[in-house]
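Peer 1:
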Amino acid sequence: MDILTILFNGLSLSSILLLAALGLAITFGLMGIINMAHGEFIMVGAYTTYVVQGILMPALGDGYFFCSILLSFLAAAAFGMLLEVTVIRRLYGRPTDSLLATWGVSLVLQQLARSIFGAPNVNVVAPSFLGGSLTLLGVSMSYKRLFIIGLVLLCLLAVWAFLYHTNFGRKTRACIQNRDMAQCLGIRSKRIDCLTFALGSGLAGIAGCALTLLGSIGPTLGQNYIVDTFMVVVLGGVGKLIGSISGALIIGIASTVFEVGSTASIAKAAVLFLVILFLQKKPQGLFALRSRSLD
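In structure tokens:
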């Protein structure tokens with residue numbers, strides 16, 4: 239395997255991890271909640287795509303997939319908003335309780351998926367225009383993975399514009415940096431928490447929609463990514479967009495490099511070991527969030 243192929247495979251894996259971690263980076267940074275049910279929002283997005291395929295594909299053909307991206311976002315965002323109002327809102331400042339509660343929610347959602355769709359995995363038919371691959375400089379790049387990379391860039395641009403060029407985004411960053419001061423200035427932090435948690439959950443839904451292009455989906459789909467997404471967020475630095483990008487690139491490319499001559503399990507263990515060593519030296523991650531309250 240030449241270096242260009244390794245880089246493309248690493249970039250492809252990084253894009254998937256970044257898309258899955260993008261919503262978690264926002265909600266974890268804002269609320270400090272350890273949301274173990276984040277992987278199940280990925281599953282919700284994947285199953286929404288499966289349902290939309292059955293309903294809209296006969297009428298719209300390949301166009302159903304673009305509708306499924308939007309509907310996956312809305313479905314996961316609705317689940318996220320419901321979870322925030324009923325469970326998360328009562329667990330602020332209690333990280334251990336939030337971990338246990340959201341882990342319980344993840345088990346409930348997995349069982350709900352089994353009850354509705356069955357335990358066996360199901361498949362989503364990829365749009366025909368994503369079949370085949372592009373060969374460039376001797377590297378075969380599948381259109382599916384190129385589409386996912388483009389989708390990640392679009393989501394990243396949208397999140398950046400939301401956080402840095404909207405009034406709601408400025409309020410969100412204010413709550414991340416100093417919640418007490420933001421409340422003193424009249425910012426309704428509970429409303430910010432609810433809508434931001436819904437946004438983060440919706441981004442996980444888009445990740446689930448994208449993952450349907452790469453293989454079959456099942457009730458435990460999200461569990462395959464939850465550890466990696468937390469590693470991306472913690473390695474990059476909680477609440478920092480550039481940190482999530484850097485963390486995803488490092489973990490994705492490192493995993494691909496370690497897989498050369500070994501197995502995926504060994505590569506994942508090696509990456510986890512290196513991340514732990516790094517966090518021992520720099521526990522705030524690559525890009526630490528600075529504010530007077532945190533100092």
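Going from the sequence shown to the numbering used here is simple: count from 1 and add 238.
Just so you know, even glycine gets a beta-carbon here, dropped at the ideal spot from N, CA and C.
Source: prediction; values computed, not measured.
Counting C-beta neighbours from all protein chains within 10 Å, is the total for Gly301 16 or more, i.e. buried, or is it exposed?
Peer 2: Exposed, because fewer than 16 other Cβ atoms sit within 10 Å of the Cβ of Gly301.
Peer 1: Should Asp533 be labelled buried (16 or more other beta-carbon atoms within 10 Å of its own) or exposed?
Peer 2: For Asp533, the predicted structure reports a pLDDT of 43, less than 50, and the residue's modelled location is therefore unreliable. A value from the coordinates is still provided. It counts as exposed.
Peer 1: So, does the stretch 488-499 touch the stretch 320-327, judging by three or more C-beta pairs under 8 angstroms?
Peer 2: Contact fails: fewer than three Cβ-Cβ distances are below 8 angstroms.
Peer 1: Please state the DSSP three-state secondary structure of Gly248.
Peer 2: The answer is helix: DSSP assigns Gly248 an H, G or I state.
Peer 1: Taking the straight line between their C-alpha atoms, what separation do you get for Ala502 and Ala492?
Peer 2: Approximately 11 angstroms, taken between the alpha carbons.
Peer 1: Any contact of the stretch 465-474 with the stretch 388-407, i.e. 3+ C-beta pairs under 8 angstroms?
Peer 2: No: the two stretches stay apart, fewer than three of their Cβ pairs being nearer than 8 angstroms.
Peer 1: For Lys428 and Ala436, what's the separation of their Cα atoms in angstroms?
Peer 2: Those two C-alpha atoms are separated by around 12 angstroms.
Peer 1: Against chain C, does Ser310 count as a neighbour if the rule is that its beta carbon must be under 7 angstroms from one of theirs?
Peer 2: Annotation note: the requested chain C is absent from the structure, which comprises a single protein chain.
Peer 1: Excluding the 5 residues preceding and the 5 following Gln522 in the sequence, name in chain order all residues of the same chain whose CB lies nearer than 7 angstroms to its CB.
Peer 2: Gly475, listed in sequence order.
Peer 1: So, helix, strand or coil for Met274, using DSSP?
Peer 2: Note: Met274 maps to coil in three-state DSSP.
Peer 1: Out of Leu242, Leu433, Gly443 and Glu497, which has the shortest C-alpha to C-alpha gap to Leu389?
Peer 2: The shortest Cα separation from Leu389 among Leu242, Leu433, Gly443 and Glu497 belongs to Gly443.
Peer 1: Rank Ile272, Phe246, Glu278 and Ala314 by C-alpha distance to the C-alpha of Tyr463 and give the top, closest one.
Peer 2: For the residues Ile272, Phe246, Glu278 and Ala314, the minimum Cα distance to Tyr463 belongs to Glu278.
Peer 1: Measure the C-alpha to C-alpha separation of Ala258 and Ala275 and round it to an integer number of angstroms.
Peer 2: Distance between the alpha carbons of Ala258 and Ala275 is about 12 angstroms.
Peer 1: In chain order, which continuous runs of the alpha helix (DSSP H) of length 4 or greater are located wholly inside the stretch 408-479?
Peer 2: Fully enclosed alpha helix (DSSP H) runs of 4 or longer: 417-422, 427-449 and 464-474.
Peer 1: What residue does the beta strand (DSSP E) around Ser380 start on, and which one ends it?
Peer 2: Where Ser380 is concerned, the enclosing beta strand (DSSP E) stretches over Val377 to Ser380.
Peer 1: Do you know offhand how far Leu329's Cα is from Glu497's?
Peer 2: Whole-angstrom Cα-Cα distance: 39 angstroms.
Peer 1: Determine which residues share a DSSP beta bridge with Leu372 and list them.
Peer 2: According to DSSP, which records beta bridges pairwise, Leu372 is partnered with Met379.
Peer 1: Give me the Cα-Cα distance between Leu368 and Leu308, rounded to the nearest whole angstrom.
Peer 2: In a straight line, the C-alpha of Leu368 is about 18 angstroms away from that of Leu308.
Peer 1: Considering only the alpha carbon of each residue, which of Leu294, Gly283 and Ser336 lies closest to Ala445?
Peer 2: Nearest of Leu294, Gly283 and Ser336 to Ala445, Cα basis: Gly283.
Peer 1: Just how far apart, CA to CA, sit Tyr285 and Ala315?
Peer 2: Straight-line Cα distance between these residues: approximately 14 angstroms.
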